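Single-structure report; data block below.
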Amino acid sequence: MSDTTPERIHPFAALAALAFPGAGHLMLGQPVRAAAAAVGVLGLFFGGMFVGGIDVVDSREDQIWFYGEALVGPVALGVDYAHQHWFKAYGRDLRADPSAAGHQIILRSGYPDEHRVYDQAAKKWTWQPAPAGQGPPNVKSLAKVNEIGTLYCTLAGMMNLIIVLDALMPTRGRRVVVEPAGGDA
Amino acid sequence: MSVLAYTPFIDPINAHSWWYLLIVPLALGISAAFKAVRCGDMRRYPRQVLMMTVQIVAGVVALAAASYAVLYWVIPYVTPMPGS
């Protein structure tokens, strides 16, 4: 018979696991399990960034996916902050009809022929036509590469949710064999 | 910054022709994270991660094969196109 009843509730271990993958199990005195969890979750998350670039963590343009990615914790929030503040800038929204006059100004990634320039008057970064040999600070990922990179990062968050729950209510998962009291029933 | 410069983790890799192979590291990462909490004896962790990775990849390959069979054999058999 397998016993999956939680031993105890560990709210601080769950909070630690939310703060950094594996930290909850480290608090519970399981360093090997903690290291394995951290390698798994962070490997998936940074693997996704390696595949799709920083563009796969985007709370504005891929909001639904970001809800899953945010479960990785402050690491994901920090990457998204860096993406929004250091890689994007304000420019015309060219997704609309290019012939339409007066495009809306939005915060977006740059096109290959643009570079980031700080507008002293408006006190914000803007996209301007790039001189030869220059371009935006990152290349936006497209098609399958973007989808797979986003999937990696979102699955990292979902796996971390499992790890947080295990830190909160450790069952060891683990199919502990319990002998029935008084022998066989 | 030059548009030709590639920066890992900032720019995407050029995997448009072999994207399907990325299922292998994806399965490995899922297995590594899942078995971290499900493995009873951590001495068996590497073996269990490897086993789960193989199971995921084999499952996805089987689903792909089944989808191919349905799309190219079953549907044309059930609803043949005129002239085919």
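Order-wise, the sequence lines are chains G and Z. First residue of the first sequence? That's 3 in our numbering, and the numbers climb one at a time after it. First residue of the second sequence? That's 2 in our numbering, and the numbers climb one at a time after it. Beta carbons: idealized from backbone N, C-alpha and C, even for Gly. Because the structure is a prediction, the values reported are computed rather than measured.
DSSP three-state call for residue i: helix, strand or coil?
{"i": "V119/G", "result": "strand"}
{"i": "L163/G", "result": "helix"}
{"i": "K126/G", "result": "strand"}
{"i": "Y92/G", "result": "strand"}
{"i": "R44/Z", "result": "helix"}
{"i": "P131/G", "result": "strand"}
{"i": "L109/G", "result": "strand"}
{"i": "T156/G", "result": "helix"}
{"i": "I76/Z", "result": "helix"}
{"i": "S32/Z", "result": "helix"}
{"i": "M171/G", "result": "coil"}
{"i": "I150/G", "result": "helix"}
{"i": "G137/G", "result": "coil"}
Once the 5 residues before and after residue i are set aside, which same chain residues still bring their CB inside 8 Å of it?
{"i": "D64/G", "result": "V58 and T152"}
Does any C-beta atom of chain G lie closer than 8 Å to the C-beta of residue i?
{"i": "I14/Z", "result": "yes"}
{"i": "M53/Z", "result": "no"}
{"i": "V4/Z", "result": "Summary for V4/Z: the model assigns pLDDT 47, below 50, so the residue's position carries little reliability; its value from the coordinates is reported in the next sentence. So yes, V4/Z belongs to the interface."}
{"i": "W20/Z", "result": "yes"}
{"i": "L23/Z", "result": "yes"}
{"i": "I57/Z", "result": "no"}
{"i": "P9/Z", "result": "yes"}
Name, please, each residue of chain A whose Cβ falls closer than 8 Å to the Cβ of residue i.
{"i": "M43/Z", "result": "No chain A is part of this structure, whose protein chains are labelled G and Z."}
Any beta-carbon of chain Z closer than 8 Å to the one on residue i?
{"i": "V59/G", "result": "no"}
{"i": "I56/G", "result": "yes"}
{"i": "F48/G", "result": "yes"}
{"i": "I11/G", "result": "no"}
{"i": "L157/G", "result": "yes"}
{"i": "G45/G", "result": "yes"}
{"i": "V77/G", "result": "no"}
Keeping to the same chain, check which residues put their C-beta closer than 6 Å to that of residue i; ignore five residues upstream and five downstream.
{"i": "I150/G", "result": "V53"}
{"i": "P114/G", "result": "G137"}
Given residue i, which residues of its chain have a CB within under 7 Å of its CB, disregarding the five upstream and five downstream residues?
{"i": "I24/Z", "result": "V58 and V61"}
{"i": "T128/G", "result": "A91, Y92, G93, V119 and D121"}
Meets three-Cβ-pair contact criterion under 8 Å: the segment 127 to 139 of chain G and the segment 149 to 167 of chain G: Not touching, per the Cβ criterion.
Any residues in the segment 27 to 38 of chain Z with a beta carbon nearer than 9 Å to a beta carbon of chain G? Which ones, in chain order? Of all residues in the segment 27 to 38 of chain Z, only L27, L29, G30, I31, S32, A33, A34, F35, K36, A37 and V38 come within less than 9 Å of chain G when Cβ atoms are compared, listed by chain position.
Short of 9 Å Cβ to Cβ, which residues in the segment 141 to 155 of chain G face chain Z? Hits within the stretch, in order: V141, K142, S143, L144, A145, K146, V147, N148, E149, I150, G151, L153 and Y154.
At a CB distance below 7 Å, what residues from the segment 20 to 41 of chain G approach chain Z? Give them in sequence order. Those would be V34, R35, A38, A39 and V41, in chain order.
Counting Cβ pairs, one atom from each stretch, are 3 or more of them under 8 Å apart for the segment 33 to 53 of chain Z and the segment 76 to 91 of chain G? The segment 33 to 53 of chain Z is not in contact with the segment 76 to 91 of chain G.
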